[in-house]
Amino acid sequence: MTSSESSKFFTEDWTITIPTHPNLRFIRLIPTRYNHLVRIFSNPLNDPHNPAPTSANWKESDTHDLIKTYTQRYTSAKTAHNALALLVEEKGKIVGIGLMHELEYQPGVANIGTILEEEARGHGVGRVLMELLLRLSNELDVGAVEVATMKGNSPMRGLMRSLGIGETEAERILPGNKKVADVMFKDIDRKRWKDFEFELEFVGDGG
76 MTSSESSKFF TEDWTITIPT HPNLRFIRLI PTRYNHLVRI FSNPLNDPHN PAPTSANWKE
136 SDTHDLIKTY TQRYTSAKTA HNALALLVEE KGKIVGIGLM HELEYQPGVA NIGTILEEEA
196 RGHGVGRVLM ELLLRLSNEL DVGAVEVATM KGNSPMRGLM RSLGIGETEA ERILPGNKKV
256 ADVMFKDIDR KRWKDFEFEL EFVGDGG
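If you read the sequence shown in this note's numbering, its first letter stands for residue 76, the second for the next number, and so on.
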């Protein structure tokens, strides 16, 4: 993929399909699709391993802050190439989200995150999503990528181990003394996924 083609990941709307998983489609998260972003983040059932999820007491101000954050990342990434987000569609229904963005407090390092609704768990969707994100992380203009989770999130920890990625016990504390992770997967060799096969279709201006 040429550099000009790679930059289109950040400036255009697109969808991705995986030949081996025809029931799945991955759709770029753009502002006109933020209703899905809010729905997924505001549902506490989608964050079962967080002892104090924001979604448990979701407020209108949380919706405002979430949209503001993702709009800023979306706009900045057009030139900085440091963030991408996509929706997960299974059999025509949006069932999750995949996220990558450069950490504000750790420039040059991008975090990879996933959220799947209950109906999308337990049958391989998470693995396909993570491998696709690891492939797409090669398009980010950052020096390293990592994944963070809670110790209680055994499905994510098992997935990462199955991908050959070792874990380290380390806390991630956000402003306000909010702990969002106590297990880290660092030093990920994202080039291992450069040849992950997918079919990409650009479908218009990203807005």
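Beta carbons are placed, not taken as given, at the ideal position from N, Cα and C, and that holds for glycine.
Restricting to Cα atoms, I'd like to know which of PRO119, PRO106, ASP122, GLN181 is closest to HIS139.
For HIS139, the nearest C-alpha among the options comes from PRO106.
Contact under 8 angstroms by Cβ, ARG247 with ALA256
Yes.
Would you mind listing the beta strand (DSSP E) stretches within the region 108-182 that are 3+ residues and don't spill past its ends, in chain order?
For the region 108-182, whole beta strand (DSSP E) runs of length 3 or above, ordered along the chain, are 158-165, 168-178.
Take SER237 as the anchor and find which of VAL258, ILE115, GLU206 has the nearest alpha-carbon.
Looking only at VAL258, ILE115, GLU206, the smallest Cα-Cα distance to SER237 is reached by GLU206.
Residue closest to LEU215, alpha-carbon to alpha-carbon, out of ARG267, HIS156, PHE271
Measuring from the Cα of LEU215, the nearest candidate turns out to be HIS156.
At what residues does the beta strand (DSSP E) containing GLY279 begin and finish?
Counting along the chain, the beta strand (DSSP E) containing GLY279 begins and ends at 274-280.
For ARG114, is the classification buried or exposed, using 16 other Cβ atoms within 10 angstroms of its Cβ as the cut-off for buried?
Exposed: under 16 other Cβ atoms inside 10 Å.
Is DSSP giving ARG232 helix, strand or coil here?
Of the three classes helix, strand and coil, the one that applies to ARG232 here is helix, per DSSP.
Is the CB-CB distance between ARG202 and LEU162 below 8 angstroms?
No.
Residues sharing a beta bridge with THR243, DSSP:
Its beta-bridge partners are MET259.
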